[in-house]
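First residue of the sequence shown: 1, per UniProt numbering; consecutive thereafter. Even glycine gets a Cβ: it sits at the ideal position worked out from N, Cα and C. I have placed the structure first, in the form of structure tokens, so that the comments after it can refer back to it.
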Amino acid sequence: MSDTSFLLGLAHPEREFCVQYGETDYEFLCRLLSEEGIFFYEEHAREGTNQLLIFADKAFYLPEAFPIPFNPQPRPTATACISHFSHCAQIRPAYVVSKDYTFKFPDWPGRFRHDADDLNGQRNQYEVMDYPGRFRDEQHGKDFTRYQVEGWRNDTEIAAGNSNSAKLWPGTRFTLTDHPADDLNRDWQVVASELHGEQPQAVPGSNASGTTLTNAFQAIPANKTWRPTPLPKPKVDGPQPAVVTGPEGEEIFCDEYGRVRVKFLWDRYHAADQDSSCWIQVSQPWAGAGFGQLAIPRVGQEVIVDFLNGDPDQPIIMGRAYNFNNYTPGESAGNENADDHSFADL
1 MSDTSFLLGL AHPEREFCVQ YGETDYEFLC RLLSEEGIFF YEEHAREGTN
51 QLLIFADKAF YLPEAFPIPF NPQPRPTATA CISHFSHCAQ IRPAYVVSKD
101 YTFKFPDWPG RFRHDADDLN GQRNQYEVMD YPGRFRDEQH GKDFTRYQVE
151 GWRNDTEIAA GNSNSAKLWP GTRFTLTDHP ADDLNRDWQV VASELHGEQP
201 QAVPGSNASG TTLTNAFQAI PANKTWRPTP LPKPKVDGPQ PAVVTGPEGE
251 EIFCDEYGRV RVKFLWDRYH AADQDSSCWI QVSQPWAGAG FGQLAIPRVG
301 QEVIVDFLNG DPDQPIIMGR AYNFNNYTPG ESAGNENADD HSFADL
């Protein structure tokens, strides 16, 4: 792949925090693209070997359709045609309801529903309920819910075909002609393709001749934007240790909500400074409207971080722990009767 291009006509706001956890680079990329409703395809140069990887969020950006006839009789590769083409409709979820919560706006409903607009006679009772929806604002809530519906329904109307043309490749559109079922003679968009070629004359001693190519492909109506099927998000197995971070020389580094930043032990790329993570909430023994206890973890302290719903993007500090660098106060260690309370001033 020699270059990339982004053809994005919809809003894709920046995320506060996004973690690749227990995923390959490809799995991580595909998951994010499915959440954002973005598909990708390759575009080959007319001359040379250059390939362009294109990311898009609307079918509008696909190349113009080219005509290709239907002919069930075998044809040489030089005469491009489609030898088999069948079409089917399938039942899929009719709507998605997503809900989530953010501590910044605890009274925010955080509930979004999106109904499919292409039911084509299907009953509208089939629902997907998604909680947590993993969004923190209106824009992401609306978009994620819509992309889920369109992702679950990306094969409600789909065609399967065989051809001898290598041009029928994901990201291309074609106009089917000469099919006996006239309603199929329209524009289609290729979403999957598997090529198989043979050149037996290249084998020494072979008497066979002629190059053959078969292309088994799938297609959807050309005016429909294909969205990736929603993918599951990896879950963190349990709590993890981390170290509180901040600017050099600072003992306390927090925001107006008492949140701090940490350096995770598995993080290979960020320095242990004020930008090492997102702001992370700290659980307190007592919290109410204008009362309770507030103990801010100090820079350099070891903390125990858990994850809401196992989501690596939603860490929360549930406790603190002593280690060899941050030893217990006084002579408490090793004394089973000791009860030492030592405090540091803010």
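Option in the options with minimal Cα separation from residue i
i, options, result
"Gly171", "Ile317, Asn223, Ala116, Ala272", "Asn223"
"Trp266", "Val236, Gln281, Phe253", "Val236"
"Trp188", "Asp100, Ile304, Trp226", "Trp226"
"His44", "Ile220, Ser2, Asp25, Pro69", "Ser2"
"Leu184", "Asn164, Asn154, Ala219, Arg146", "Ala219"
"Gly258", "Thr24, Glu248, Val244, Gly249", "Val244"
"Phe135", "Arg320, Gln314, Thr328", "Gln314"
"His179", "Gly249, Pro69, Gly133, Ala242", "Pro69"
"Pro221", "Ala89, Phe324, Asn50", "Ala89"
With 16 other Cβ atoms within 10 Å as the buried cut-off, status of residue i
i, result
"Asp107", "exposed"
"Asp81", "The residue you asked about is not Asp; residue 81 is Cys in the sequence shown. With 16 or more Cβ atoms within 10 Å of its Cβ, Cys81 is classed as buried."
"Tyr269", "exposed"
"Ser193", "buried"
"Asn164", "buried"
"Ala116", "buried"
"residue 347", "Residue 347 lies beyond the residue range present for the chain, which begins at 1 and ends at 346; the question has no answer from this structure."
"Gly246", "buried"
Where residue i sits in the DSSP three-state scheme
i, result
"Thr145", "helix"
"Ala272", "coil"
"Asn326", "coil"
"Ala287", "strand"
"His140", "helix"
"Gly22", "coil"
"Leu10", "coil"
"Ala80", "coil"
"Phe85", "strand"
"Ala59", "helix"
"Gln122", "coil"
DSSP beta-bridge partners of residue i
i, result
"Ile304", "Pro241, Gly319"
"Leu195", "Asn215"
"Gln189", "Arg173, Ile220"
"Asp115", "Tyr95"
"Val128", "Val96"
"Ala295", "Beta-bridge pairing links Ala295 to no other residue."
"Gln314", "None, per the DSSP bridge assignment."
Boundaries (first-last residue) of the beta strand (DSSP E) holding residue i
i, result
"Leu33", "From DSSP, Leu33 is part of no beta strand (DSSP E) but of the alpha helix (DSSP H) over 25 to 36."
"Thr4", "3 to 7"
"Tyr41", "39 to 44"
"Asn164", "First-last for Asn164: undefined, no H or E at that position."
"Arg227", "Unbroken run through Arg227: none, as it is neither H nor E."
"Ile68", "66 to 69"
"Lys263", "261 to 264"
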